[in-house]
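A.B. asks: Residue numbers (UniProt numbering): 1 to 313. Got a structure for you, written out below as structure tokens; questions coming shortly.
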Amino acid sequence: MILLTIIYSNEKYDITDKLNKMQSYFSKREILLGFSESIKDNNHFIEIYGLNPTLSDKVKNNLQRYIASFIFKLFVGKFLEEEFGNLVEENYFFLKEDEIIKVREQFKNLLTSDKETYSNELISCINIKNKSIENVVGCLNDSEKFNIDGYYTFRKKSFKKEMEQILNILVEEHMVEKEYDEFIKLLKYFVDIQESKIELIKIIIEDNGEYLIKDKNEKDIMQELLKDVEESKFNGSVGIEDLIISGLITYCPKEIYIYGKENVKNKEMLDTIFNVFENKVSIKESKPLIKEENQIIAHKKNKEIDKKEPIHV
Numbered sequence: 001m002i003l004l005t006i007i008y009s010n011e012k013y014d015i016t017d018k019l020n021k022m023q024s025y026f027s028k029r030e031i032l033l034g035f036s037e038s039i040k041d042n043n044h045f046i047e048i049y050g051l052n053p054t055l056s057d058k059v060k061n062n063l064q065r066y067i068a069s070f071i072f073k074l075f076v077g078k079f080l081e082e083e084f085g086n087l088v089e090e091n092y093f094f095l096k097e098d099e100i101i102k103v104r105e106q107f108k109n110l111l112t113s114d115k116e117t118y119s120n121e122l123i124s125c126i127n128i129k130n131k132s133i134e135n136v137v138g139c140l141n142d143s144e145k146f147n148i149d150g151y152y153t154f155r156k157k158s159f160k161k162e163m164e165q166i167l168n169i170l171v172e173e174h175m176v177e178k179e180y181d182e183f184i185k186l187l188k189y190f191v192d193i194q195e196s197k198i199e200l201i202k203i204i205i206e207d208n209g210e211y212l213i214k215d216k217n218e219k220d221i222m223q224e225l226l227k228d229v230e231e232s233k234f235n236g237s238v239g240i241e242d243l244i245i246s247g248l249i250t251y252c253p254k255e256i257y258i259y260g261k262e263n264v265k266n267k268e269m270l271d272t273i274f275n276v277f278e279n280k281v282s283i284k285e286s287k288p289l290i291k292e293e294n295q296i297i298a299h300k301k302n303k304e305i306d307k308k309e310p311i312h313v
């Protein structure tokens, strides 16, 4: 049973290797496939056979998606070879050579990897990728013959637009990351040139995500830590996390203990603290004992003892 005939003329397409991998992938799932290849007028014709007596619609759909995925990767490779350089030169001339290499590698890895989980920033890129693959699936579903070069020529304009959208997102992410790295370097410089004003600061993240800031004696120093931060910073655009980081930079503690890391709602704050203070930061598993509370409890117990009548022997 012939499932599909793939037609192509570009010798750079490594179709045979991809089909062999597909054959191995489905054979492990007891789906047997066979191939035959012929060449006519410089066009390669590869017929894909299903060797099982019958194939369910679900299996056929999985085959189509597998084929559509590796065809999409062929198009990505073609785009990188023919379009990427000119596009970067026209729209992203401000990038240095090492930055271009980095973005290109990210672009290639993102679109040719079979990874299933991505950061929130890259979800939109994956949506564009999946939509492009679905377009190929639609064509495979409509016909038993698929001309790779013909399809690429037909969709070249829209495909290029999709790739530009993804590239734009990656460049924006790169610039944000670059600015963050420069910001971290600046903060580390401030920390390096300052003398430490406090031995130890403990950051305790409560179950509800709120913060307690204490010194080595368990004294609450939240207000003290933030007193040198300008009151003008207390507005809707600046959160408590930014103020805590500002306070840490000002006091430059020799050590920072963090309790309740799993409760943090703003992971970026912890990342910034780790990146700026590095080996000065330690993660603690259990919360510290609150001496003030222990003293109050002890005081209450002493009062209760005093109230008891003396025992006469």
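Glycine included, each C-beta is placed from N, C-alpha and C at the ideal position. On a predicted model such as this, the values are computed, not experimentally measured, just so you know.
(1) Between which residues of its own chain and ASP306 is the CB-CB distance below 7 Å, once the five residues before and five after are set aside?
(2) Between LEU186 and the rest of its own chain, which residues show a CB-CB distance below 7 Å, the 5 nearest in sequence each way excluded?
(3) Out of curiosity, what's the CA-to-CA distance linking ASN20 and ASP149?
(4) Got a sec? Which residues, its chain only, sit under 8 Å from GLU184 by beta carbon, not counting five neighbours each side?
(5) Could you tell me whether the stretch 246-260 touches the stretch 204-214, using the rule of 3 or more Cβ pairs below 8 Å?
(6) Put LYS142 into one of helix, strand or coil per three-state DSSP.
(7) Is it buried or exposed for PHE75, if we count other Cβ within 10 angstroms and need 16 for buried?
(8) For TYR8, write down the residues that DSSP places opposite it in a beta bridge.
(9) Does the beta-carbon distance from MET22 to TYR49 come in below 8 Å?
(10) Among all the DSSP beta bridges, which residues are the ones paired with TYR259?
(11) Quick check on DSSP: helix, strand or coil for LEU55?
(12) Can you tell which of THR117, LEU170 and ASN10 has the C-alpha that lies nearest to the C-alpha of ASN43?
(13) Could you pull the start and end residues of the beta strand (DSSP E) that TYR13 belongs to?
(14) Taking only runs that begin and end inside the stretch 55-133, name each unbroken alpha helix (DSSP H) of 4 or more residues, in chain order.
(15) Helix, strand or coil: how does DSSP classify LYS214 here?
(16) What's the C-alpha gap between ILE169 and PHE107?
(17) Report the option in TYR151, GLN64 and TYR8 whose CA atom is closest to the CA atom of ASP41.
(18) Tell me the rounded alpha-carbon separation between ASN28 and GLN64.
C.D. replies: Inspection of the coordinates gives the following:
(1) Start at 1 with the first residue of the sequence shown, and residue 306 comes out as number 306. Because the pLDDT at ASP306 is just 49, under 50, the model does not fix this residue reliably, and the point stays unresolved.
(2) The residue you call residue 186 lines up with position 186 of the sequence shown. Correct list: empty, nothing qualifies.
(3) One-based indexing of the sequence shown puts residue 20 at position 20. One-based indexing of the sequence shown puts residue 149 at position 149. When rounded, the distance between both Cα atoms is 21 Å.
(4) On the sequence shown, position 184 is the one that residue 184 refers to. Residue identity differs from the one stated: residue 184 is Ile in this sequence, not Glu. Hits under 8 Å: THR272, ASN275 and VAL276.
(5) yes
(6) Position 142 of the sequence shown, counted from the first residue, corresponds to residue 142. For the record, residue 142 in the displayed sequence is Asp; it is not Lys. ASP142 falls in the helix class under three-state DSSP.
(7) Residue mapping note: residue 75 aligns to position 75 of the sequence shown, counting from 1. By the 10 Å Cβ count, PHE75 comes out buried.
(8) Along the sequence shown, read from residue 1 onward, the residue named residue 8 stands at position 8. Its beta-bridge partners are HIS44.
(9) The sequence position of residue 22 within the sequence shown is 22, counting from 1. The sequence position of residue 49 within the sequence shown is 49, counting from 1. Result no, Cβ atoms of MET22 and TYR49 do not sit closer than 8 Å.
(10) Here residue 259 refers to the residue found at position 259 of the sequence shown. Beta-bridge pairing links TYR259 to ILE204 and LYS284.
(11) Walking along the sequence shown from the start, residue 55 turns up at place 55. Reduced to three states, the DSSP call for LEU55 is coil.
(12) As a position in the sequence shown, residue 43 is number 43, starting the count at 1. Nearest C-alpha to ASN43: ASN10.
(13) Start at 1 with the first residue of the sequence shown, and residue 13 comes out as number 13. From DSSP, TYR13 is part of no beta strand (DSSP E); its letter is neither H nor E.
(14) 57-82, 84-91 and 97-112
(15) For this step, residue 214 is matched to residue 214 along the sequence shown. Here LYS214 sits in strand by DSSP.
(16) The residue you call residue 169 lines up with position 169 of the sequence shown. The residue you call residue 107 lines up with position 107 of the sequence shown. Rounded to whole angstroms, the separation of the alpha carbons of PHE107 and ILE169 is 10 Å.
(17) The residue given as residue 41 occupies position 41 in the sequence shown. Ranking the options by Cα distance to ASP41, first place goes to TYR8.
(18) The residue labelled residue 28 in the question sits at position 28 within the sequence shown. The residue labelled residue 64 in the question sits at position 64 within the sequence shown. The amino acid occupying residue 28 in the given sequence is Lys; Asn does not appear at that position. Cα to Cα, the separation comes out at about 17 Å.
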